[in-house]
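Be aware that the sequence shown starts at 1, since it is given in our numbering, and climbs by one per residue.
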Amino acid sequence: MARKFNFSAGPAMLPTPVIERALHEMLDWNGSGMSVMEMSHRGKEYMSIAAKAEADLREVLSIPDNYKVLFLQGGASSQFAAIPLNLMGDKKSADYINTGMWSKKAIAEAKRYITVNIAADTSGNGFTSVPTQAELKLDPNAAYVHYTPNETIGGVEFDYIPETNGVPLVADMSSTILSRPLDVSKFGMIYAGAQKNIGPAGLTIVIIRDDLLGKASAICPTMFNYATQAENDSMYNTPATYSWYVAGLVFEWLKEQGGLEGMGKINKRKADKLYAAIDATDFYASPVAINGRSWMNVPFTLADAELDAAFLKGAAEKGLVSLKGHRSVGGMRASIYNAMPEAGVDALVAYMQEFASNNA
Ligand SMILES: *Cc1c(COP(=O)(O)O)cnc(C)c1O
1 MARKFNFSAG
11 PAMLPTPVIE
21 RALHEMLDWN
31 GSGMSVMEMS
41 HRGKEYMSIA
51 AKAEADLREV
61 LSIPDNYKVL
71 FLQGGASSQF
81 AAIPLNLMGD
91 KKSADYINTG
101 MWSKKAIAEA
111 KRYITVNIAA
121 DTSGNGFTSV
131 PTQAELKLDP
141 NAAYVHYTPN
151 ETIGGVEFDY
161 IPETNGVPLV
171 ADMSSTILSR
181 PLDVSKFGMI
191 YAGAQKNIGP
201 AGLTIVIIRD
211 DLLGKASAIC
221 PTMFNYATQA
231 ENDSMYNTPA
241 TYSWYVAGLV
251 FEWLKEQGGL
261 EGMGKINKRK
271 ADKLYAAIDA
281 TDFYASPVAI
291 NGRSWMNVPF
301 TLADAELDAA
311 FLKGAAEKGL
321 VSLKGHRSVG
331 GMRASIYNAM
341 PEAGVDALVA
351 YMQEFASNNA
């Protein structure tokens, strides 16, 4: 069996040892005589799986005790509505930093529930940079400040954590969570859909500071209410049990990689190699400002777009798949999340060099 190097932006690759372990445990989890998929979420076996996953995530991310971790459904996109509904309290507005397609979606949804102030907007340069701290027009009376630390489509990543002077900072970390160490205490809330760097689709993780719970609007759906979900250990209803279990296997795997310190070093090396290959020749170009280049999603263009189809075809023949760029950006996009082995990046770099010399 040959596993491909899959550069998809999401759902993305999972670590092969995680899939092998899931396969091994598929029919009979730990002598229980059943698959995890068949277990009651309230039974002692599944409760132990769920608790272990949370404990390992807390350990890997060094999540302080005054934060709750929720294992929800509905994707990061559901959080776009849940955030204003939970966090507005008696405030009238929230600040949003607009750096790309996912910020825009979060803003459009939030506007249905709260007045949105745009604290910064990089659409003027086609979302190819991050605003500086000095450029952020923050309102001290905002309910919260929302931003997207890594824009998955544009490949633009903040190289700093915005300072909000006490206003809760809310981050959509769908495509960058667990890529390197993070100081969770700087955030009011972090959320992420699982299918990029956590596990299978169907699971959404919310990490929220205790003092932000219990302020939900009366119209907030019960399923969206963070306080309700926290009181019920994310089991107000049936959770995405299998995705939660596989996420737990990923957290164990992360610990084996040296935790986020170890993972961060590998990810930095992978990104540096790929950007170096792009910058080495005029044959390729990165649209993103150097200080805003993402470690996880690397868009690049060929100087001659007529060669795009041949590039993709040749790549696929070498087992390098899902490299086509998002339709809004064009060109290529290589998503190199935690589970993309360094050998996959090496193979892509070698192919890029070969393709450039054959077509220059
Ligand atoms: C993928 C992605 C989303 C959407 O996630 P869903 O789980 O599909 O709702 C939102 N924000 C960012 C930054 C993403 O990368």
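C-beta atoms are modelled at their ideal positions from N, C-alpha and C, and glycine is treated no differently.
To which residues of the same chain is residue i closer than 7 Å at the C-beta, ignoring the five residues directly before and after it?
| i | result |
| --- | --- |
| Gly248 | Ile49, Lys52, Ala53 and Asp56 |
| Glu252 | Asp56 |
| Thr16 | Arg3 |
| Ala347 | Phe5, Lys318 and Leu320 |
| Phe300 | Ile278, Tyr284, Ala285, Ser286, Gly331 and Met332 |
| Ala171 | Tyr147, Pro149, Phe187 and Ile190 |
| Ile118 | Tyr96 and Asn98 |
| Phe355 | Phe311 and Gly314 |
| Glu261 | Pro181 |
| Ala360 | Phe283 |
| Thr164 | Leu138 and Val145 |
| Trp244 | Ala50, Ala53, Phe71 and Leu203 |
| Ile107 | Tyr96, Asn98 and Val116 |
Keeping to the same chain, check which residues put their C-beta closer than 6 Å to that of residue i; ignore five residues upstream and five downstream.
| i | result |
| --- | --- |
| Thr152 | Ala9, Ser175 and Asn297 |
| Lys91 | Ala143 |
| Phe7 | Ser322, Leu323, Ala334 and Ser335 |
| Met340 | Met13 |
| Pro140 | none |
| Asp383 | Outside the shown range of the chain (1 to 360) lies residue 383, about which nothing can therefore be said. |
| Ala379 | Outside the shown range of the chain, which is 1 to 360, sits residue 379, and nothing can be said about it. |
| Gly258 | none |
| Tyr337 | Ala12, Lys196, Asn197 and Met296 |
| Val288 | Thr128, Gly155 and Val156 |
What do you get for residue i, buried or exposed, if any count of 16 or more other CB atoms within 10 angstroms of its CB means buried?
| i | result |
| --- | --- |
| Ser123 | exposed |
| Lys68 | buried |
| Ala134 | exposed |
| Asp282 | exposed |
| Ile219 | exposed |
| Glu157 | buried |
| Tyr275 | buried |
| Ala76 | buried |
| Tyr160 | exposed |
| Met37 | exposed |
| Leu27 | exposed |
| Gly126 | exposed |
| Lys268 | exposed |
| Ser64 | The amino acid occupying residue 64 in the given sequence is Pro; Ser does not appear at that position. Exposed is the call here. |
| Ala240 | buried |
| Gly100 | buried |
| Arg293 | buried |
| Asn30 | exposed |
| Thr128 | buried |
| Lys196 | buried |
| Gly344 | buried |
| Ala194 | buried |
Is residue i near ligand 1, in the sense that its beta carbon is under 7 Å from a heavy atom of that ligand?
| i | result |
| --- | --- |
| Trp295 | no |
| Lys196 | yes |
| Ala76 | yes |
| Gly259 | no |
| Thr99 | no |
| Ser175 | yes |
| Thr204 | yes |
| Thr228 | no |
| Thr122 | no |
| Trp102 | yes |
| Thr148 | yes |
| Ser10 | It is worth fixing the name first, because residue 10 is Gly in this sequence and not Ser. Flag set: Cβ of Gly10 near ligand 1. |
| Asp172 | yes |
| Gly193 | yes |
| Thr222 | no |
| Thr152 | yes |
Kindly list the residues whose CB is nearer than 8 Å to the CB of residue i, restricted to its own chain and excluding five residues on each side of it in sequence; keep chain order.
| i | result |
| --- | --- |
| Ala110 | Phe80, Ala81, Ile83, Pro84, Ala94, Tyr96, Val116 and His146 |
| Tyr113 | Ala81, Pro84, Leu85, Met88 and Ser217 |
| Thr222 | Thr228 and Tyr236 |
| Tyr226 | Lys68, Leu70, Ala82, Asn86, Val206, Ile208, Leu212, Leu213 and Ala216 |
| Val246 | Leu14, Val18, Ala22, Gly199 and Pro200 |
| Ser185 | Pro64 |
| Tyr351 | Gly314, Ala315, Lys318 and Leu320 |
Q: Let me know the beta strand (DSSP E) ranges lying completely inside the stretch 61-119, each 3 residues or longer, listed in chain order.
A: 67-72 and 93-98
Q.
If we require 4 or more residues per run, which alpha helix (DSSP H) segments fall completely within the stretch 205-280?
A. Counting only unbroken stretches of 4 or more residues, the alpha helix (DSSP H) elements lying wholly within the stretch 205-280 are 226-231, 241-256 and 259-279, in sequence order.
Q) In the stretch 175-202, which residue ranges form an unbroken beta strand (DSSP E) of at least 3 residues, counting only runs that do not cross its ends? A) Counting only runs of 3 or more, we get 189-193.
Q | Length-filtered (3 minimum) beta strand (DSSP E) runs lying within the stretch 111-166 | A | 115-121 and 145-147
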